[in-house]
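For what it's worth, my numbering labels the leading residue of the sequence shown as 4, then goes sequentially. Take a look at the structure set out below.
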Amino acid sequence: MDGLIKNHKKQPKYLLKLLLINLFLLPCLIYANSAPQVKDKPLSPLDLQLEPIQPLFSLKGLNPDKTALGERLFNEPRLAHNNDMSCASCHILKSGGADCPEKAQGQDGVELGANSLTVFNSSLNHRLFWDGRAKTLEEQIDFVITAPHEFATQWPVLISKLKRDREYQKSFGTLYSDGITAANVRNAIATFERSLITVNSRFDQYLRGDVDSINALEKSGYRLFKDYGCIACHQGRNVGGNMFQKLGVIEEFFDDDRLSGKRGLGRFNVTGQERDRYVFRVPSLRLVALTSPYFHNGSAETLYDAVKIMAKYQLGRTIPDADIEHIIAFLKTLPGEYQGQPLSRVYEETTFSEPEGQTR
Ligand code: HEC
Ligand code: HEC
């Protein structure tokens with residue numbers, strides 16, 4: 004691994020790539036800085052259109068019966084080979100939807116090796132997983148079903164299990180002309196996931212014109228988020244999730260300690276292309292206030308650490324602590340509600356077994 008990294012540094016292409024990335028970032032930064040600044044009077048519809056972050060809204064037109072069936076499947080332990088793990092084991096909806104540390108062990112007793120991502124708002128991301136290896140929510144489910152440390156099963160086995168359940172027979176029979184099939188299970192779960200949008204955050208209320216829904220400190224945090232250039236990568240409705248970027252754009256992030264295992268290679272694992280080494284899908288920051296630890300490998304425990312690392316390696320800046328505090332205050336205004344309730348982190352309910360000595 005050591006050799007690989009050193010060789011990589013020596014490549015003449017490397018400097019060119021850095022230049023290209025910066026050329027890409029520059030217009031974004033200029034745009035970010037020219038975007039309307041944080042206002043104390045309500046944003047006009049035009050101001051709102053120019054904001055680099057847009058409010059979330061629930062998807063209309065989802066079939067409520069499919070959503071309900073998907074919710075049941077999301078909580079169904081029989082999806083797993085040993086009937087003892089469901090999607091909800093690792094994605095607890097009450098607490099932010101990303102609930103297992105990368106060191107948690109899966110079905111096969113092997114560590115997951117990746118920090119979990121939230122299922123909330125995941126339908127808004129252009130690709131799924133840290134390395135973007137799934138293109139759609141449906142495709143993402145295939146990975147979970149067969150992964151040895153997740154459900155460790157195969158579709159035919161799973162389908163025959165579900166077919167023995169009268170309730171499932173009935174629900175699928177009513178909703179899908181061909182009854183219980185892999186495609187229909189995927190469709191139901193993905194439909195449920197598309198319903199998981201965290202609307203009405205305090206920040207969205209601000210964008211929609213309620214200037215008092217965030218305070219002066221939080222407004223300053225948003226201004227700094229734009230001014231420092233975080234917005235160049237974390238932007239749009241989901242405050243991220245719409246592009247790939249290298250971790251370590253300005254300063255090389257990975258060394259032997261940090262690159263523990265293959266996961267750190269990021270998108271390189273998917274494409275095998277040199278330019279994708281250490282490249283990740285930029286994560287959404289919508290629920291980041293609730294989903295510690297941070298980064299693909301969970302290496303940052305706190306938001307403070309995560310923001311500091313971002314400033315150094317993605318922007319080449321050292322941000323004063325006071326500014327970090329404001330940025331964190333802004334990030335805390337981003338989570339919205341699920342089923343009319345504000346989301347908050349509930350550690351006690353984590354059902355996923357953590358290895359000895361791992362407490363959070
Ligand atoms: C054993 C724990 C575990 C189980 C069980 C599990 N997940 Fe995950 N999930 C994770 C981890 C860890 C990641 C991040 C993995 C990666 O990116 O390589 C993830 C990522 C995801 C993502 C990607 C989100 C994004 O923004 O890219 C979605 C969607 C998701 N899971 C949905 C599901 C669904 C649906 C199920 C059930 C069919 C499920 N998960 C079961 C741990 C789990
Ligand atoms: C050049 C693009 C880029 C810029 C600029 C950038 N980020 Fe990131 N950010 C990323 C990527 C890529 C990751 C994922 C890293 C990983 O997978 O380990 C990330 C991850 C994060 C995370 C952890 C999210 C999670 O769920 O674990 C936080 C928090 C974060 N960024 C905040 C910020 C802040 C605050 C700034 C500005 C100071 C910033 N970022 C600037 C690309 C960027």
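Positions of the beta carbon are idealized from the N, C-alpha and C atoms, including for glycine. The model shown is predicted, which means the values in this text are computed figures rather than measured ones.
Heavy atom of ligand 1 within 8 Å of residue i beta-carbon
i      : result
Leu140 : yes
Asn187 : no
Val122 : yes
Trp158 : no
Ala137 : yes
Asp230 : no
Cys233 : no
Ile56  : no
Ile183 : no
Phe271 : no
Ile331 : no
Gln143 : yes
Phe256 : no
Asp134 : yes
His152 : yes
Cys90  : yes
Asn118 : yes
Integer Cβ distance of residue i from residue j, believed to fall under 8 Å
i      : j      : result
Ala117 : His299 : 6 Å
Ile253 : Gly319 : 4 Å
Ile327 : Tyr307 : 6 Å
Phe154 : Ala83  : 4 Å
Ile200 : Leu62  : 7 Å
Buried versus exposed call for residue i [16 or more other C-beta atoms within 10 Å across all chains shown]
i      : result
Gly343 : exposed
Lys13  : Residue placement at Lys13 is poorly supported in this model, since its pLDDT is 45, which falls under 50; the coordinates still yield a value, given next. It counts as exposed.
Arg81  : buried
Arg169 : exposed
Arg284 : buried
Ala3   : Summary: the structure shown does not reach residue 3, with the chain confined to residues 4 through 363, and so no result is reported for it.
Glu340 : exposed
Arg167 : exposed
Ala325 : exposed
Leu49  : exposed
Ala332 : buried
Glu79  : buried
Glu304 : exposed
Lys229 : buried
Ala186 : exposed
Ser180 : exposed
Leu346 : buried
Gly301 : buried
Asp134 : buried
Ser163 : exposed
Thr321 : exposed
Gly232 : buried
Ile95  : buried
Ser204 : buried
Ser223 : buried
Ser287 : buried
Lys69  : buried
Asp279 : buried
Gly264 : exposed
Gly64  : exposed
Ser47  : exposed
beta-carbon residue i near ligand 2 non-hydrogen atom, thresh 8 Å
i      : result
Leu3   : Nothing about residue 3 can be reported from this structure: the residues present for the chain run from 4 to 363 only.
Leu127 : no
Tyr297 : yes
Gly243 : yes
Lys222 : no
Ile95  : no
Leu131 : no
His237 : yes
Asn78  : no
Pro286 : yes
Ile162 : no
heavy atom of ligand 4 below 8 Å from residue i C-beta
i     : result
Leu59 : No copy of ligand 4 occurs in the structure displayed; its ligands are ligand 1 and ligand 2 alone.
Beta carbon proximity, residue i to chain B, threshold 9 Å
i      : result
Phe257 : As a matter of chain content, chain B is missing from the structure shown, which is built from one protein chain.
Which parts of the segment 236-289 are runs of the alpha helix (DSSP H), unbroken and 4 residues or longer, counting only runs that do not cross its ends?
You should have 271-274.
Would you say the segment 238-256 touches the segment 45-58, given that touching needs at least three Cβ pairs under 8 Å?
With a cut-off of 8 Å, the segment 45-58 and the segment 238-256 count as touching, because enough Cβ pairs lie within range.
Could I get the ranges of all uninterrupted beta strand (DSSP E) runs contained in the segment 47-121, with 3 residues as the minimum, in chain order?
Along the length of the segment 47-121, whole beta strand (DSSP E) runs at least 3 residues long do not occur.
Meets three-Cβ-pair contact criterion under 8 Å: the segment 284-292 and the segment 118-129
Contact holds: three or more Cβ-Cβ distances are below 8 Å.
List, from N- to C-terminal side, the alpha helix (DSSP H) runs of 4 residues or more that fit wholly inside the segment 180-211.
For the segment 180-211, the continuous alpha helix (DSSP H) assignments of 4+ residues that do not extend past its boundaries occur at 185-197, 205-210, in sequence order.
Closer than 8 Å is the cut-off here; do at least three beta carbon pairs connect the segment 196-214 with the segment 57-70?
Cβ pair count under 8 Å is three or more, so yes.
Are the segment 158-176 and the segment 275-282 touching, with three or more C-beta to C-beta distances below 8 Å?
Under the 8 Å Cβ criterion, the segment 158-176 does not count as touching the segment 275-282, having fewer than three qualifying pairs.
For the segment 242-262 against the segment 125-140, do three or more pairs of beta-carbon atoms, one drawn from each stretch, fall closer than 8 Å, so that the two count as touching?
Touching, per the Cβ criterion.
Segments of 4+ residues assigned as alpha helix (DSSP H) that fall wholly inside the segment 309-354:
Annotation note: the segment 309-354 contains the following uninterrupted alpha helix (DSSP H) runs of length 4 or greater, listed N- to C-terminal: 324-334.
If contact is defined by three or more beta carbon pairs under 8 Å, each pair taking one atom from either stretch, is the segment 133-148 in contact with the segment 183-196?
The segment 183-196, when compared against the segment 133-148, does touch it at the 8 Å Cβ threshold.
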